[in-house]
Amino acid sequence: MPTPLPWERTHRLLASLLPRGDRPEAVHALFREWVGAAPDPAAARRRARRAVLDCARTVVRTRTVALARTLRRPPIATGTAAAALRHTARSLRTRPLQAAVVVGTLALAIGANAVLFSATESLLLRPLPYAEAEQVVRVRGASVVSFRGDGRFAVDEVFADAPGVVATAFYTPEGSATLTGTRNRRVRLAHVSPDFFEVLGVAPSLGGGMRGLPVDTRGAVLGHDLWRTDFAADPGVLGRDVILNGIAYPIVGVAPPEVRFPGDVDLWLSYPAEFEFLGGAFGAEAIGRLQPGVDPAPVLEALERDRAEQMGEAPVGVEGRRPPPPIELQSLPELLTGGVRRPILLLFGAAVVVLLLGALNLASVWVGAMVERAAEFRTRRALGASRGRLAAQVVAETTALSALGGLAALGVAALGTRVLAARLSADLVGATGLGVTPGTVVFALALALGLGVGVGLVAALRGGTSGAAGSRGGLVRGRARLDSALVVGQGALALVLLVGSLVTARSLHRLVEVPLGFDTEATVSLTVRVPAAEASDGAAVLAYADALLARLSEVPGVATVGFTSRLPLSTGTAAGATFRRAGTPDSTAVGSLMATASPDYFVAAGIPVIAGRGLEEEPAEGGVVVNEALARALFDTPGEAVGATIEEARYSGGSVEWAPVRIRGVVGAVRAAGPRNPAGPSHYLAPDRWPVREIGFAAEVRGDPAALVPDVLAAALEVNPRIVPFDVRTLGEAAARYVRTDRTLSRVIAGFSTAGLLLAALGLYGAVARSVASRRRELGVRLAMGADPSRLVRQVVHRGLRLGGLAVLCGIPVALVTSSALESRLFETSAHDPALIALAAVVVALVAAVAAWLPARRITRIDPRESLRAD
């Protein structure tokens, strides 16, 4: 082995850049001869530096001259741009399968990224319709709004006067009422303080809003959509009344488009609050606007200190037994998009992986195509075409296909954004406007052209446009190594997507299989809020409930009907109590949610009675029905709780007294807040012991429950057309809303995983097919000498399996790292489940085996005489 000389590698690299006519090999040989003849090492280094500088100057000069000649000379055999386009079109028509593969790959990979780019732009990047929204915060984990009676609230001084807080406002949770107009319908609303819109940084698009309203004066600000649909976008709407549950509210303003906070409300009302609109949710929440750049730490410290003082003075109860949640200042952008931010980013990451797979697949296809066209390039070089002109032709072909692929990707994006928008919650800012925007078009076309031009350059430089004679063998060997590397990369990325798909699918399966404690298959539910104008007291409300119960029972297909103050998976009227077992200390007290229920409610909702009785034939002394969670918290078994007497805490003047309560029965525990949240303790009373204006009805039906929803709604309107039911749906539909995001995430990742496996399989298939084609003469000779065709097929398949195994080894570490990002979205599933990773590895290996076997079968059809005669 010759001794390396100083600067030898640098000189060899520079010499390789010289034109072929300057004989780069001879130039480098002269360098070795001259430097090697130096009398000592110092002289050798001086000669080497001088030779390197001379070679660099020569390279710059010759390449500059060649570039100038290329720019002055018209293209060989093309002459004009139109001729160049015709040549490109003719070249693509001769390889329609390759063109279809390239366009399809680009449409799939770029279309997926365009969908997620559109979602990210609409939901996360588009400016919110609130001025400096990041400075608006909501207090989470502590109540800083005090109820002052008669429907009035006030923000506590501890938050209003905190350092850095410029202004504060408060609002009630989303309520509803019946809007009287050309058609009675339910609208969503919230009561807000006069400075609510100023704190949000929103100016009404029409009118002055609530800022100038006198104290205790009713006023309403319409949402933009409600103004358009129910008031015909009349600019003279100010001063007119909007009638809600028979109560008139003068219209004082119209909000700008897309302003729907809190939740997805249709209009905002002034104070004092009408609690019949809120369904018993008597609380309010506070928002504040911070000074720019203010540190929120002093605000949090003041809130924590105030809560600690209040808890130290609170009477004994469940609050004294559980540590309180941490207090946070949740910014308005986080509040509006926090629930969807992480899933969208996760899907965007998966789409990027698909894009990388598509890029590797395209590189493999084009490099192989360039090697197969090596004879064409040699011929064109012999006719005078330069290497740069041939490379430009290749880039023109890839650019043309990229443009077609980008246009096809826009079609995929249009379909994908429509599907994604249907699965997103409508109360997300920007969800209703999700679609192919100008930004999406620019993104998709720029990505397509960039990918196509980049792949074309790589193919031109590595694929054989030099046209050098006798270089095909070296090109084939180099292509084989590059093909192997590309196949391994595609397989590794496909494994990453497959692991993500499997863990999300298992998580979704376990989530939907969680028993909710009620029947989701054969139950229709609806909710009504009875206004004071229709029922003045609790007795009148119960009379209406009984009338509606009787009418729903007459609907054909309805078996049993019951009602409650709080349906599963709905807000309802919330209240609670604290119980302890008789004779036990206060520290054993357990908090419980309270609800009322009619005698047939448990049967209609499919909630089993585990022990004792339900609420039938209420005895004079009353009693309660508890759920299994409360029974097990107080007793060893549910059966032990039946007939036992427990004690309920009654708070008065800062002290607590314990009143005896008898347990009549035990029913199943209901996951009222969805499958991710365990069922907590709760108890039920007869409706006349706690009349409420928001009532939920559950109807057990025979047949398809979805088909009975219109009949149930019509029957409810027959009883009183001025009381419009809402949330008329099956309990199965209600349960599906709680897993909608998880289902969408799982399905999209599964689609990406399938696409990734397909692209990886196509990459391996193409690599093996090109390998078999390039070895056709060799294989023909071996067959002519008596080689077993099946053995040759097995050798090719084994090579594919080796590449698949190497892809698995490379992909598992990457999958372990990337799947951790899914951990927070998984339910009772580990992101690093060994069984799922092993299953993904087996699937990738099987796909590799099939993808290698399909082209390897061609070996059995090789005719040795034809393969020998071909060369």
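The working numbering applies: residue 6 is where the sequence shown begins, and numbers increase by one.
A virtual CB, placed ideally from N, CA and C, is assigned to each residue, including glycine.
Local conformation of residue i per DSSP, three classes
i: I612; result: coil
i: D59; result: helix
i: L412; result: helix
i: L654; result: The sequence shown places Ala at residue 654, not Leu. In this structure, A654 counts as strand in the three-state DSSP scheme.
i: M599; result: strand
i: T528; result: strand
i: Q296; result: coil
i: N366; result: helix
i: E833; result: coil
i: L272; result: strand
i: G258; result: strand
i: L334; result: strand
i: A43; result: coil
i: D641; result: coil
i: N118; result: helix
i: L10; result: coil
i: E306; result: helix
i: G322; result: Only weak support is given to the placement of G322: the predicted model assigns it a pLDDT of 42, under 50, and the value that follows is read from those uncertain coordinates. Note: G322 maps to coil in three-state DSSP.
Backbone CA spacing between residue i and residue j [nearest angstrom]
i: L341; j: L409; result: 38 Å
i: G325; j: G596; result: Any reading at G325 needs caution, since the residue's pLDDT is 40, under 50, leaving its predicted position unreliable; the model's value is listed next. Approximately 11 Å, taken between the alpha carbons.
i: G701; j: A540; result: 17 Å
i: Y254; j: F523; result: 40 Å
i: V192; j: L547; result: 24 Å
i: V724; j: L557; result: 10 Å
i: A550; j: H229; result: 34 Å
i: E833; j: L788; result: 56 Å
i: S776; j: A397; result: 27 Å
i: V672; j: E309; result: 39 Å
i: G217; j: A537; result: 29 Å
i: G670; j: A552; result: 27 Å
i: R694; j: G648; result: 20 Å
i: W663; j: L690; result: 18 Å
i: F925; j: A208; result: In the structure as shown, the chain begins at 6 and stops at 876. Residue 925 is therefore absent and cannot be evaluated.
i: L797; j: L111; result: 34 Å
i: P29; j: T445; result: 48 Å
i: V32; j: A49; result: 17 Å
i: S575; j: H196; result: 20 Å
i: R804; j: R131; result: 49 Å
i: Y743; j: V399; result: 52 Å
C-beta contact flag for residue i and residue j at 8 Å
i: S181; j: F282; result: yes
i: A174; j: D200; result: yes
i: A53; j: V65; result: no
i: V608; j: G562; result: no
i: D239; j: P277; result: no
i: D747; j: R830; result: yes
i: V259; j: V242; result: yes
i: T67; j: L113; result: no
i: A449; j: L415; result: yes
i: A104; j: L454; result: no
i: G293; j: A172; result: yes
i: P860; j: A792; result: no
i: L507; j: A740; result: no
Any chain D beta carbon closer than 8 Å to residue i
i: W371; result: Absent here is chain D; the protein component of the structure consists of one chain.
Fill in: the segment 839-856 touching the segment 808-826, judged by at least three CB pairs closer than 8 Å
Contact between the segment 839-856 and the segment 808-826 is present: 3 or more CB-CB pairs across the two stretches fall below 8 Å.
Worksheet item: Which residue spans inside the segment 127-185 form an unbroken alpha helix (DSSP H) run of at least 4?
Response: Runs of alpha helix (DSSP H) with 4 or more residues, each lying fully within the segment 127-185, are found at 162-165, listed in chain order.
Worksheet item: Can you give, in chain order, each stretch of the beta strand (DSSP E) that sits fully within the segment 180-235 and has at least 3 residues?
Response: Scanning the segment 180-235 for uninterrupted beta strand (DSSP E) segments of 3 residues or longer gives 180-185, 190-196, 225-227, listed from N- to C-terminal end.
Worksheet item: What are the uninterrupted segments assigned as beta strand (DSSP E) that are 3 or more residues long and contained completely in the segment 728-790, given in chain order?
Response: Complete beta strand (DSSP E) runs here, min 3: 731-735.
Worksheet item: At a cut of 8 Å, does the segment 753-772 reach the segment 491-509 through at least three beta carbon pairs?
Response: Flag = yes, the segment 753-772 and the segment 491-509 touch.
Item to complete: Entirely within the segment 518-589 and at least 4 residues each: give me those alpha helix (DSSP H) ranges in chain order.
Response: Segments of the alpha helix (DSSP H) lying fully in the segment 518-589: 543-558.
Worksheet item: At which residue ranges does the segment 652-711 contain complete alpha helix (DSSP H) runs of 4 or more residues, listed in the order of the chain?
Response: Whole alpha helix (DSSP H) segments, 4+ residues: zero.
Discussion item. Contact between the segment 384-393 and the segment 518-532 is defined here as three or more beta-carbon pairs at a separation below 8 Å; is this criterion met?
Written reply: Look at the beta carbons and you see the segment 384-393 not touching the segment 518-532: under three pairs across the two are nearer than 8 Å.
Worksheet item: Contact between the segment 330-340 and the segment 137-144: three or more CB pairs below 8 Å?
Response: Short answer: they touch.
Worksheet item: Would you call the segment 706-725 and the segment 507-519 touching, i.e. three or more CB-CB distances under 8 Å?
Response: Segments in contact, no.
Worksheet entry | At least three beta-carbon pairs within less than 8 Å, the segment 120-137 to the segment 453-463 | Short answer: they don't touch.
Fill in: Inter-stretch contact at 8 Å, needing at least 3 Cβ pairs: the segment 611-623 / the segment 744-758
Under the three-pair Cβ rule at 8 Å, the segment 611-623 does not count as touching the segment 744-758.
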